[in-house]
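Residue numbers (the numbering used here): 220 to 591.
Here's what the structure looks like:
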């Protein structure tokens, strides 16, 4: 069993590095849960999990409840997104005709804008198609995002096409990507409006479904926020157009997932408060995957500072629980732990890189208090 939501920094590939170290335990504990790769791999009979991300924890609570409203809203997203791609795929020949008129100078950008607006209006009934009424809050604004991102994609694709011509199929898919991106950008705005309090009144299920869609379709499942506190990761791109999250949704709502979460206590707090709430004992096994000690260590818009790293080390030196911690090696981290715990190391290659702020190859540490 694997994670049920896309999350940056997941440890699915690191499980093999620590599998042989995992001790016998009565309760599994994870204070920085994220995607929970090890939790889903081990399927513990009793667990306590925690994360500082309120949106993530609300999502897991609804999954634990196997909430039917969340299920229905996620299906709406799946059907609605697939429908958008299908509708504009059916218009592919018309899109290509518009593109070549733009590329050959037969129409200018102002005329392109009008043509795309009229196209979207003419098929607006097919775009909605009954799937979107539960998730789209403003149809005019939704269509505006489709128009804006499609126009931008046409213009940028024309500039690239003149330098390096695409195969017809790639060109067609590029143009469709503009509309798919518009769909994503509208719901990204909803995500930010909810988080920043610009709109209110949405149900917890609506928020969780919106959150899941953004995590699934944002580029690389990354986190990044601007100075206004707005999440600003773009749409995943052309390869995401044909994604279908229906199977993932069905996987969230099944007997195995329900059973796994039935004996799992879910918390949303600072890790130290979490430790104090669950009363750790020597019968607990704790897996920790905290944010790294780097110049790029914000997590869900929240900083994790060196002071937080020191607090974590302080608590681990006093915990009765058995634990394994995986973290990137830095001089600071090594100084925190080298005199008190067993430390193993391994190489890891990063899957994603934001503006080259992290080197792709780095040594990682497996810090533990086990008898090995």
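Cβ coordinates follow ideal geometry from the N, Cα and C atoms, glycine included. All figures in this text were calculated on a predicted structure; none of them were measured in a lab.
Integer Cβ distance of residue 438 from residue 224, believed to fall under 8 angstroms: Start at 1 with the first residue of the chain shown, and residue 438 comes out as number 219. Start at 1 with the first residue of the chain shown, and residue 224 comes out as number 5. Their Cβ separation, rounded to whole angstroms, is 16 angstroms, which puts residue 438 and residue 224 out of contact at 8 angstroms.
Nearest-angstrom Cβ-Cβ length linking residue 259 and residue 221, presumed shorter than 8 angstroms: Along the chain shown, read from residue 1 onward, the residue named residue 259 stands at position 40. Along the chain shown, read from residue 1 onward, the residue named residue 221 stands at position 2. Distance from residue 259 to residue 221 at the Cβ level is roughly 6 angstroms; contact confirmed, criterion being Cβ atoms closer than 8 angstroms.
Residue 466, buried or exposed, once every other Cβ within 10 Å from all chains shown has been counted against 16: Numbered from its first residue, the chain shown carries residue 466 at position 247. Exposed, since its Cβ has fewer than 16 Cβ neighbours within 10 Å.
Sequence-distant residues of the same chain with beta carbon closer than 6 angstroms to residue 376, five excluded per side: By 1-based counting over the chain shown, the position of residue 376 is 157. Within the same chain, residue 376 has close Cβ partners 393.
Counterpart residues of residue 561 in DSSP-defined beta bridges: Against the chain shown, residue 561 aligns to sequence position 342. 587.
Assigned exposure category for residue 469 - 16 Cβ within 10 Å defines buried: Here residue 469 is taken as the residue at index 250 of the chain shown, counted from 1. That one is exposed.
When 239, 242, 382, 476 are compared against residue 279, the one with the closest alpha-carbon: On the chain shown, residue 279 is found 60 positions in, with the first residue counted as 1. When each option's Cα is compared against that of residue 279, the closest is 476.
Boundaries of the beta strand (DSSP E) in which residue 311 is found, first to last residue: Within the chain shown, residue 311 is the residue found at index 92, counting from 1. Residue 311: not part of any beta strand (DSSP E); member of the alpha helix (DSSP H) spanning 311-322, first to last residue.
Residue of 531, 425, 584, 337 minimising C-alpha distance to residue 356: Counting from one through the chain shown, the residue named residue 356 turns up at place 137. When only C-alpha atoms are compared, the closest one is 425.
Sufficient close CB pairs (3 or more, under 8 angstroms) joining the region 439-449 to the region 233-241: With a cut-off of 8 angstroms on Cβ pairs, the region 439-449 is not in contact with the region 233-241, counting fewer than three such pairs.
Residues near residue 449 in its chain [Cβ-Cβ closer than 6 angstroms; skip 5 each side]: As a first step, residue 449 must be located in the chain shown, where it is residue number 230. If we look at residue 449 and ignore the five residues flanking it on each side, its Cβ neighbours are 411.
Alpha-carbon to alpha-carbon, residue 452 and residue 324: Along the chain shown, one-based indexing puts residue 324 at 105. Along the chain shown, one-based indexing puts residue 452 at 233. Going by the C-alpha atoms only, they are around 33 angstroms apart.
Identity of the residues DSSP links to residue 249 by a beta bridge: Residue 249 sits at position 30 when you count from the first residue of the chain shown. 268, per the DSSP bridge assignment.
Sufficient close CB pairs (3 or more, under 8 angstroms) joining the region 282-297 to the region 536-550: No contact exists between the region 282-297 and the region 536-550.
Of the residues 277, 273, 253, 294, the one placed nearest residue 463, counting alpha carbons only: Walking along the chain shown from the start, residue 463 turns up at place 244. Minimum Cα distance to residue 463 is reached at 294.
Residue 333, buried or exposed, once every other Cβ within 10 Å from all chains shown has been counted against 16: As a first step, residue 333 must be located in the chain shown, where it is residue number 114. Result: exposed.
Through-space distance from residue 589 to residue 555, alpha-carbon basis: For the purposes of this step, residue 555 is identified with residue 336 of the chain shown, where counting begins at 1. For the purposes of this step, residue 589 is identified with residue 370 of the chain shown, where counting begins at 1. Here the alpha carbons of residue 589 and residue 555 stand approximately 17 angstroms from one another.
Where residue 244 falls: helix, strand or coil (DSSP): Locating residue 244 in the chain shown gives position 25, counting from the first residue. Reduced to three states, the DSSP call for residue 244 is coil.
Three-way DSSP call (helix, strand, coil) for residue 514 in this model: Within the chain shown, the letter at position 295 stands for residue 514. For residue 514, the predicted structure reports a pLDDT of 47, less than 50, and the residue's modelled location is therefore unreliable. A value from the coordinates is still provided. Assignment of residue 514 by DSSP, reduced to helix, strand and coil, places it in the coil class.
Expected contact under 8 angstroms - CB spacing of residue 605 and residue 534 to nearest Å: One cannot answer for residue 605 here, as it falls past the ends of the chain, which runs 220 to 591.
Helix, strand or coil at residue 504 [DSSP, three-state]: If you number the chain shown from 1, residue 504 lands on position 285. Strand, per DSSP.
Whole-angstrom distance between residue 502 and residue 254, CA atom to CA atom: Counting from one through the chain shown, the residue named residue 254 turns up at place 35. Counting from one through the chain shown, the residue named residue 502 turns up at place 283. Rounded to the nearest angstrom, the two C-alpha atoms are 24 angstroms apart.
Residue 484: first and last residue of the uninterrupted beta strand (DSSP E) it sits in: Translated into the one-based positions of the chain shown, residue 484 becomes position 265. Looking at the DSSP string, the run of the beta strand (DSSP E) that includes residue 484 is 483-486.
Where residue 398 sits in the DSSP three-state scheme: Here residue 398 is taken as the residue at index 179 of the chain shown, counted from 1. Residue 398 falls in the helix class under three-state DSSP.
Backbone CA spacing between residue 267 and residue 256 [nearest angstrom]: Against the chain shown, residue 267 aligns to sequence position 48. Against the chain shown, residue 256 aligns to sequence position 37. Rounded to the nearest whole angstrom, the CA to CA distance from residue 267 to residue 256 is 14 angstroms.
Chain-order list of residues whose beta-carbon lies under 6 angstroms from that of residue 351 (same chain, five-residue window excluded): Counting from 1 along the chain shown, the entry for residue 351 is found at position 132. 299.
Reduced DSSP category for residue 543 - H, G, I as helix; E, B as strand; rest coil: In the chain shown, residue 543 corresponds to position 324, counting from 1. In this structure, residue 543 counts as strand in the three-state DSSP scheme.
Reduced DSSP secondary structure (H/G/I, E/B, other) of residue 441: Taking the chain shown and counting its residues from 1, the one referred to as residue 441 is at position 222. Of the three classes helix, strand and coil, the one that applies to residue 441 here is coil, per DSSP.
DSSP state of residue 566 mapped onto helix, strand, coil: One-based indexing of the chain shown puts residue 566 at position 347. For residue 566, the three-state secondary structure derived from DSSP is strand.
CB contact flag (residue 440, residue 226, <8 angstroms): For the purposes of this step, residue 440 is identified with residue 221 of the chain shown, where counting begins at 1. For the purposes of this step, residue 226 is identified with residue 7 of the chain shown, where counting begins at 1. Result yes, Cβ atoms of residue 440 and residue 226 sit closer than 8 angstroms.
Simplified DSSP assignment, three categories, for residue 471: Position 252 of the chain shown, counted from the start, is the residue given in the question as residue 471. Residue state for residue 471 is assigned as helix, using DSSP reduced to three classes.
Straight-line gap, residue 478 to residue 304 (C-alpha atoms, nearest Å): Locating residue 478 in the chain shown gives position 259, where the first residue counts as 1. Locating residue 304 in the chain shown gives position 85, where the first residue counts as 1. Roughly 36 angstroms separates the two Cα atoms.
Cα-Cα separation between residue 314 and residue 290, rounded to whole angstroms: One-based indexing of the chain shown puts residue 314 at position 95. One-based indexing of the chain shown puts residue 290 at position 71. Pairing residue 314 with residue 290, the inter-Cα distance amounts to about 34 angstroms.
Burial state of residue 508 (16 or more Cβ within 10 Å): To locate residue 508, count along the chain shown from 1; it is residue 289. It counts as buried.
Where the alpha helix (DSSP H) through residue 436 begins and ends: Indexing the chain shown from 1 puts residue 436 at position 217. Where residue 436 is concerned, the enclosing alpha helix (DSSP H) stretches over 423-436.
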